[in-house]
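Below: the structure, in structure tokens.
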Amino acid sequence: MTGDGLPWPSALQAGIACGASAVLWLCVCWTRPTRVRTEVMAAAYEFGLISGLYAIWRVARELPFTHEAGALDRARQIDAFQNFLHLPTEISLQHFVIDHDWLARATNAYYATVHVPGLLIFLVWLFVRHRDRFPHWRNGLALVTLGCLIIRFVRVAPPRFIEELGFVNLSDRYGLGVYGPVGHGISDQFAAMPSIHVGWAAVVACGIFMSTTSRWRWLFVLHLPITMFVVAATGHHWWMDGIVAIGLLWGGLKLDTYVRARRAKTPSRAEPSFVKAR
């Protein structure tokens, strides 16, 4: 559970969902070939794969990294580096939103509520409307998440933990808290670098932009800069946390493109046909 009791599926629940999807896939596999069979197999395959990856992510997030050694010093070093680059300070953004109460509430709500639902809606939309592009962005999502999990071994505190900067905890003021005890499980607040919020927002924004030619795609691209703004203004992340996350996604997508091109040269190892079906 998160700070205010917002539910996250547990690793066990995700594992059960993964197993159920595998059983469904095996059962449908033996039925007569039809369009419905193809669609169900594809949905079971992807849901099972994503559930399994989520279960691994939850287990990794729940490892007992309770120490905070060096986290505050690294945070101050990031702050100094950003000042050297003349980036706007995160506290200046928070002062701006607090001066406009409606914006502060919207910023806090966006951080707490859009992150996961936006990603899930994107995955469903991409699977239904652009099935051929789904594996690429699914793999990009997995790789950026893996990168964030690995880098979290280097502990970094968020801006709001640096007392001299004077951040206000918007979650305490406006509700919708998403964090529990410091250093535990899903609420590991000394894993600010990189920002999983920004990494997943980049998957959604870039995935939509690259998958459709609709003029509406320009609207959804805004999800990324808005997320960058809210993670900074709430004091949950440094600018560099988001920049590193975007870099991880870029590298992950490049790696996936390379590997898939190599695998495609071997027909027996190409993507399952039911995954590519529309």
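In terms of our numbering, the sequence shown opens at residue 17 and continues consecutively.
Where is the CB? At the ideal position from N, CA and C, for every residue including glycine.
Quick caveat: nothing in here was measured; it's all calculated off a predicted structure.
Looking at the DSSP output, residue 172 sits in a beta bridge with 207. Taking the CA atoms as reference points, residue 87 sits about 8 Å from residue 170. Annotation: residue 262 to residue 129 spans about 21 Å, alpha carbon to alpha carbon.
Within the model, the alpha-carbon separation for residue 174 versus residue 247 is close to 10 Å. Taking C-alpha positions only, residue 154 is separated from residue 123 by approximately 28 Å. Per DSSP, the unbroken alpha helix (DSSP H) holding residue 106 starts and ends at 106–114. Per DSSP, residue 94 is one residue of the alpha helix (DSSP H) stretching across 87–100. Around the beta-carbon of residue 101, fewer than 16 other beta-carbon atoms lie within 10 Å, marking it exposed.
For residue 275, the enclosing alpha helix (DSSP H) begins and ends at 255–280.
About 7 Å separates the beta carbon of residue 94 from that of residue 172, a gap short enough to meet the 8 Å contact definition. Residues of the same chain with a CB within less than 7 Å of the CB of residue 239, apart from the 5 flanking positions on each side, are 134, 217, 220 and 221 in chain order.
Residues of the same chain with a CB within less than 8 Å of the CB of residue 69, apart from the 5 flanking positions on each side, are 158 and 161 in chain order.
In the structure shown, the three-state DSSP call for residue 141 is helix. Two segments are said to touch when three or more pairs of C-beta atoms, one from each, lie closer than 8 Å; by this definition the region 271–278 does not touch the region 102–120. Going by C-alpha positions, residue 103 is about 13 Å away from residue 257. At a Cβ-Cβ threshold of 9 Å, residue 90 and residue 209 count as neighbours.
The straight-line gap separating the alpha-carbon atoms of residue 33 and residue 180 is approximately 45 Å. Taking a C-beta distance under 9 Å as the contact criterion, residue 269 and residue 156 qualify as a contact pair.
Excluding residues up to 5 positions away in sequence, 37 lie with their Cβ nearer than 6 Å to the Cβ of residue 63 in the same chain. Pairing residue 254 with residue 106 gives a Cβ-Cβ distance under 9 Å. Judged by DSSP secondary structure, residue 216 falls within the alpha helix (DSSP H) whose first and last residues are 212–227.
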